[in-house]
Amino acid sequence: MKVAFATDDGNRVNAHFGQSPMFAVYNVTKNGGELLELRKLPVVLNQDEAGKIDSRLAAVEDCTLIFIMQIGASAAARVTRRKIMPVKVPFGSPIDEQVKRLVEMLQGKPPMWLAKVLRAEEEEEGTGEGEEANGTVG
Numbered sequence: 000m001k002v003a004f005a006t007d008d009g010n011r012v013n014a015h016f017g018q019s020p021m022f023a024v025y026n027v028t029k030n031g032g033e034l035l036e037l038r039k040l041p042v043v044l045n046q047d048e049a050g051k052i053d054s055r056l057a058a059v060e061d062c063t064l065i066f067i068m069q070i071g072a073s074a075a076a077r078v079t080r081r082k083i084m085p086v087k088v089p090f091g092s093p094i095d096e097q098v099k100r101l102v103e104m105l106q107g108k109p110p111m112w113l114a115k116v117l118r119a120e121e122e123e124e125g126t127g128e129g130e131e132a133n134g135t136v137g
């Protein structure tokens, strides 16, 4: 599954969803995680709140989870409507540690919130969407 991390340096989760200058996107399976890309957001002067949310949603729309330091209520609602689960972690959490914890959860018995996300992802794959990911999780 693809997982995004709100970051300003590519190494730590240290950004609020609405102000994040980039997202580090990883592919995470029970066999490990690998960085796919750093998705930098263009700087737009005087962008309103809705525009900030829209641009960030577009940057992570193919992800299953998004690790963030903070997220506003309206942004959280829009993220979850897109079937992306926001995960709040402490400021400065190292991304590699978060990836490692996620891999460990996938190898063992995932917590209920993660099991629910994985089920939803499998159902989506069953409809023909995301077939390139078949067999990578579970």
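Quick note: the sequence shown, position 75, residue 74 per numbering that gives the first Met the number 0, numbers continuous. Don't be surprised by glycine CBs; every beta carbon is placed ideally from N, CA and C.
Item: Secondary structure, alpha helix (DSSP H): runs of 4+ residues fully inside the region 69 to 101; Value: 72 to 80
Item: Buried or exposed (CB count within 10 angstroms, at least 16 for buried), SER19; Value: buried
Item: Euclidean distance between Cα positions of VAL78 and ALA58; Value: 11 Å
Item: Extent of the continuous beta strand (DSSP E) run through ASN60; Value: A quick correction: the sequence has Glu, not Asn, at residue 60. Note, GLU60: premise wrong, no beta strand (DSSP E); not H, not E.
Item: Where VAL116 falls, given that 16 or more other Cβ within 10 Å makes a residue buried; Value: buried
Item: Residue environment, VAL154, which counts as buried when at least 16 other CB atoms sit within 10 Å; Value: Because the chain here runs from 0 to 137, residue 154 falls outside it and cannot be looked at.
Item: Which of helix, strand or coil DSSP assigns to LEU40; Value: coil
Item: Residue interval of the alpha helix (DSSP H) (run including LYS115); Value: 111 to 125
Item: Through-space distance from TYR25 to ALA5, alpha-carbon basis; Value: 12 Å
Item: Option nearest ILE70 by Cα separation, candidates LEU34, THR63, MET84; Value: MET84
Item: Cβ-based neighbour list, GLY129, same chain, cut-off 8 Å, excluding 5 preceding and 5 following; Value: Interpretation of GLY129 is limited by its pLDDT of 43, a score under 50 that renders its predicted location unreliable; no figure is taken from the coordinates.
Item: LYS108 (DSSP reduced to helix, strand or coil); Value: coil
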